Ligand SMILES: Cc1cc2nc3c(=O)[nH]c(=O)nc-3n(C[C@H](O)[C@H](O)[C@H](O)COP(=O)(O)OP(=O)(O)OC[C@H]3O[C@@H](n4cnc5c(N)ncnc54)[C@H](O)[C@@H]3O)c2cc1C
């Protein structure tokens, strides 16, 4: 695909002063083919509208994309943006590795495949506390259901004929059930649907998988959309900026094959570049905090102080146990597992590495669970970069309700430069206090049979740590759940970047549709909520353009 004369577009005569540029025209230009962008490509093209999707990465044809167990093996490879944070003050000044998918499917092609929507309180708080009118749980639930094709659960919370396949892992470690039984022995209820009426309790995780393979947003939404000849995709297309004329987004400028290309959007430009790159693109286009743009040398078109602010993610800590003689994921590297996966899409490589989980409240007075705990029948630490000396298992605790917020800033006016990112993980002491309480509760689960015998050899953190040592350990070792969000959040002008229909304040014809718009990060993984956001946005966009068409006809 060259980007010069794509099918479904209307070529425009090159401007005489810009002879080197190729200009094409569409109804919608979508930037980013990730969790959200793929949904939009499908939904916005269903009525015959001309849609262009621009993706900076390439195809999702690395075989590891499809194999559930090896997702972290793709880190720092060509399909990862491979960002690093600025020093994180709550993490002893460590610069933290921040992977993001750079390929079709975006981060949904690189992620750990958990399908978790968060809970009712998340969305009700979006509406109640952040002015996100229309985003209460009752209003968003139909959009989760619309996307979903759930293989296991059939009830009012789930869909069974949507394009997004959801299931449980095909291979389940014999120890996963033991974890659930130990949680029950510690007093937690059994819960085999964290996306149903209640989030609390222990049970099996749901994942975005199908037939023993990953099922990304590209599989669910983009490939079907590309069957239509009114959808055009250009890969290896790095968008530089949104073109804004007289207060309206008229298109985008991107580089492809060494050329600078302009794509015009007759209706809308939609940024779905993710929580780091969507605010980056807004700022590169002159929409952002005036002082920061001045510092970088970019003319301010819209002084929008919240662009790049309010960034959130979930901090995570890992408890480790030596488990000599047990079956662990360390054995997944044996070639016979790959042969089995290639032959029949079965076996150890079909697990996403964490089949069972527990949602708990670190304090009884909380309205909903503040921790997501997953049991990994293998040793996972430091994103998989640190290798264990002996076979081991991991219990990962994620603080699902962080208070800390960080920022995304420009490093320079060069679109190829990585943005400056600081999440401010654990900069509130109350977050660390909650983690210490949760560690205590989870160790109480690990001490119950049928898990206690398996996890008797506790490695990390040391059992004799004082409170101060434990706090130091948390700050020295904590990582995160890869859930960047909220950096272009919904809110009124001055408080947010987009309105509740995700239109960028101060510019016509421009929306942000991705994890950036969350007012507060959800209490769980963020792919399912991002797909929901895009589903809901597609209805807003189609309705707005139907209205425009009716007005045009009448006048
Ligand atoms: C390693 C990892 C593990 C995770 N595990 C889970 C999990 O198990 N479950 C879960 O629910 N969530 C998980 N997440 C989070 C989840 O995948 C993301 O929240 C979600 O995919 C975000 O969707 P998005 O559409 O906002 O952005 P993305 O899916 O990241 O899509 C953004 C797209 O825009 C493209 N892009 C960026 N800049 C430009 C530009 N300038 N020009 C053109 N294209 C551009 C990118 O290449 C990318 O394809 C994980 C994330 C990671 C990275």
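Residue numbers (our numbering): 778 to 1332. For glycine and all other residues, C-beta sits at the position ideal for the given N, C-alpha and C. In this text, all values refer to a predicted model and were calculated from it rather than measured experimentally.
- [ ] Return the CA-CA distance between residue 1027 and residue 1042, expressed in angstroms with no decimal places.
- [x] Start at 1 with the first residue of the chain shown, and residue 1027 comes out as number 250. Start at 1 with the first residue of the chain shown, and residue 1042 comes out as number 265. Rounded to whole angstroms, the gap between the alpha carbons of residue 1027 and residue 1042 is 5 Å.
Open item on the list: Once the 5 residues before and after residue 917 are set aside, which same chain residues still bring their CB inside 6 Å of it?
Closed with: As a first step, residue 917 is located in the chain shown; it is residue number 140 there, counting from the start. For residue 917, where only same-chain residues beyond five positions count, the Cβ hits under 6 Å are 900 and 1309.
Task: CB contact check: residue 1228 to chain B, cutoff 7 Å - done: Absence of chain B from the displayed structure is noted, only one protein chain being present.
- [ ] Provide the residue span of the alpha helix (DSSP H) that contains residue 817, from first to last.
- [x] Here residue 817 corresponds to residue number 40 of the chain shown, with the count starting at 1. Here the alpha helix (DSSP H) through residue 817 covers 812-822.
Open item on the list: Between residue 809 and ligand 2, is there a pair consisting of the residue's CB and a ligand heavy atom that are separated by less than 6 Å?
Closed with: Absence of ligand 2 from the depicted structure is noted, with ligand 1 being the only ligands included.
Open item on the list: Closer than 6 Å to a non-hydrogen atom of ligand 1 - does that hold for the CB of residue 877?
Closed with: The count along the chain shown starts at 1 and reaches residue 877 at position 100. Of the heavy atoms belonging to ligand 1, at least one sits nearer than 6 Å to the Cβ of residue 877.
TODO: Please report the residue range of the alpha helix (DSSP H) in which residue 954 lies.
DONE: The residue given as residue 954 occupies position 177 in the chain shown. Its alpha helix (DSSP H) spans residues 951-962.
TODO: Note down the Cα distance separating residue 1293 from residue 1230, rounded to an integer number of angstroms.
DONE: Translated into positions along the chain shown, residue 1293 becomes position 516. Translated into positions along the chain shown, residue 1230 becomes position 453. Their backbone Cα atoms lie some 44 Å apart in a straight line.
TODO: Taking residue 807 and residue 823 to be in contact with their CB atoms under 8 Å, please state how far apart those CB atoms are, rounded to whole angstroms.
DONE: Translated into the one-based positions of the chain shown, residue 807 becomes position 30. Translated into the one-based positions of the chain shown, residue 823 becomes position 46. So it is not a contact: roughly 14 Å between Cβ atoms.
- [ ] Could you tell me if the beta carbon of residue 1312 falls within a distance shorter than 6 Å of some heavy atom in ligand 1?
- [x] In the chain shown, residue 1312 corresponds to position 535, counting from 1. No, ligand 1 has no heavy atom inside 6 Å of this Cβ.
- [ ] Identify which residue in 1040, 887 and 1179 has its Cα closest to the Cα of residue 1011.
- [x] Sequence index remark: in the chain shown, residue 1011 carries index 234 (1-based). Nearest neighbour of residue 1011 by Cα position, chosen from 1040, 887 and 1179, turns out to be 1040.
Task: Which listed residue (977, 814 and 986) has its alpha carbon closest to that of residue 892 - done: By 1-based counting over the chain shown, the position of residue 892 is 115. Taking only the C-alpha atoms, the option nearest residue 892 is 986.
Open item on the list: At the level of alpha carbons, what is the spacing between residue 1059 and residue 1006?
Closed with: Taking the chain shown and counting its residues from 1, the one referred to as residue 1059 is at position 282. Taking the chain shown and counting its residues from 1, the one referred to as residue 1006 is at position 229. Going from the Cα of residue 1059 to the Cα of residue 1006 covers about 30 Å.
Open item on the list: Which residues does DSSP list as the beta-bridge partners of residue 1171?
Closed with: In the chain shown, residue 1171 corresponds to position 394, counting from 1. DSSP, once it has assigned bridges, lists 1097 and 1153 as partnering residue 1171.
Task: Three-state secondary structure (DSSP) of residue 1246 - done: Start at 1 with the first residue of the chain shown, and residue 1246 comes out as number 469. Correct three-state label for residue 1246: helix.
- [ ] Could you tell me the distance, in whole angstroms, from the CA atom of residue 1031 to the CA atom of residue 1038?
- [x] Translated into the one-based positions of the chain shown, residue 1031 becomes position 254. Translated into the one-based positions of the chain shown, residue 1038 becomes position 261. When rounded, the separation of the alpha-carbon atoms in residue 1031 and residue 1038 is 5 Å.
Task: residue 976 versus residue 895 - alpha carbon distance - done: As a first step, residue 976 is located in the chain shown; it is residue number 199 there, counting from the start. As a first step, residue 895 is located in the chain shown; it is residue number 118 there, counting from the start. About 8 Å.
Open item on the list: Bridge partners for residue 979 per DSSP, in chain order?
Closed with: Looking up residue 979 in the chain shown gives position 202. 967 and 1135, per the DSSP bridge assignment.
Task: First and last residue of the uninterrupted beta strand (DSSP E) at residue 915 - done: Taking the first residue of the chain shown as position 1, residue 915 is located at position 138. That residue, residue 915, is in no beta strand (DSSP E); its alpha helix (DSSP H) goes 914-924.
Open item on the list: Quick check on this structure: which residue in 1220, 1108, 1131 and 1033 has the alpha carbon closest to the alpha carbon of residue 1096?
Closed with: Here residue 1096 is taken as the residue at index 319 of the chain shown, counted from 1. With distances taken between Cα atoms, residue 1096 lies closest to 1220.
Open item on the list: For the alpha helix (DSSP H) containing residue 1040, name the first residue and the last one.
Closed with: By 1-based counting over the chain shown, the position of residue 1040 is 263. First-last for residue 1040: 1036-1048, but that is the beta strand (DSSP E), not the alpha helix (DSSP H).
- [ ] Can you grab the Cα-Cα spacing for the pair residue 945 / residue 1303, in whole Å?
- [x] As a working note, residue 945 is residue 168 in the chain shown. As a working note, residue 1303 is residue 526 in the chain shown. Taking the CA atoms as reference points, residue 945 sits about 18 Å from residue 1303.
Open item on the list: Does the beta-carbon of residue 925, which I'm using as the reference point, lie nearer than 6 Å to any heavy atom of ligand 1?
Closed with: The count along the chain shown starts at 1 and reaches residue 925 at position 148. No, Cβ of residue 925 sits at least 6 Å from all heavy atoms of ligand 1.
- [ ] Would you give the residue range spanned by the beta strand (DSSP E) that residue 1322 belongs to?
- [x] The count along the chain shown starts at 1 and reaches residue 1322 at position 545. From DSSP, residue 1322 is part of no beta strand (DSSP E) but of the alpha helix (DSSP H) over 1304-1331.
Task: Contacts around residue 1203, its chain only, beta-carbon distance under 6 Å, and the 5 residues preceding and following it disregarded - done: As a first step, residue 1203 must be located in the chain shown, where it is residue number 426. Non-local C-beta neighbours of residue 1203 in its own chain, meaning closer than 6 Å and more than five positions away in sequence, comprise 867, 1092 and 1209, ordered along the chain.
Open item on the list: Using 7 Å as the threshold, is the C-beta distance between residue 1025 and residue 804 below it?
Closed with: Here residue 1025 refers to the residue found at position 248 of the chain shown. Here residue 804 refers to the residue found at position 27 of the chain shown. Taking 7 Å as the Cβ cut-off, residue 1025 and residue 804 do not qualify as a contacting pair.
- [ ] Mind checking who residue 880 pairs with in its DSSP beta bridge?
- [x] As a position in the chain shown, residue 880 is number 103, starting the count at 1. 835, per the DSSP bridge assignment.
Open item on the list: Strictly by DSSP, which residues pair up with residue 937?
Closed with: Sequence index remark: in the chain shown, residue 937 carries index 160 (1-based). Answer by DSSP bridge pairing, in chain order: 926.
Task: the stretch 1070-1087 in contact with the stretch 1278-1286 per 3-pair CB rule at 8 Å - done: They touch, by the three-pair rule.
Task: Nearest candidate by alpha-carbon position, reference residue 1089, set 1111, 956, 1259 and 903 - done: As a working mapping, residue 1089 is identified with position 312 in the chain shown. Out of 1111, 956, 1259 and 903, 1259 has the C-alpha closest to the C-alpha of residue 1089.
- [ ] Kindly provide the ranges of any beta strand (DSSP E) runs that are 3 or more residues long and lie completely inside the stretch 1178-1244, ordered along the chain.
- [x] Correct list: 1183-1186, 1197-1199 and 1234-1237.
Task: Own chain residues within Cβ distance below 6 Å of residue 815, not counting five before or after - done: As a position in the chain shown, residue 815 is number 38, starting the count at 1. Excluding sequence neighbours, residue 815 sits near 994, 995, 998 and 999.
- [ ] Return yes when at least one heavy atom of ligand 1 lies under 6 Å from the C-beta of residue 833, else no.
- [x] Reading the chain shown from its first residue, position 56 is the one you call residue 833. Yes, the Cβ of residue 833 comes within 6 Å of a heavy atom of ligand 1.
TODO: Give a yes or no on whether the C-beta atoms belonging to residue 1318 and residue 1132 are separated by under 7 Å.
DONE: Taking the first residue of the chain shown as position 1, residue 1318 is located at position 541. Taking the first residue of the chain shown as position 1, residue 1132 is located at position 355. Going by C-beta atoms, residue 1318 is not nearer than 7 Å to residue 1132.
TODO: Would you mind stating whether residue 1195 and residue 1074 have Cβ atoms separated by less than 7 Å?
DONE: In the chain shown, residue 1195 corresponds to position 418, counting from 1. In the chain shown, residue 1074 corresponds to position 297, counting from 1. No.
- [ ] Quick one: measure Cβ to Cβ for residue 1275 and residue 1298, integer angstroms, because I've assumed they're closer than 8 Å.
- [x] Taking the first residue of the chain shown as 1, we reach residue 1275 at position 498. Taking the first residue of the chain shown as 1, we reach residue 1298 at position 521. Contact between residue 1275 and residue 1298 fails: their C-beta atoms lie close to 16 Å from each other, not under 8 Å.
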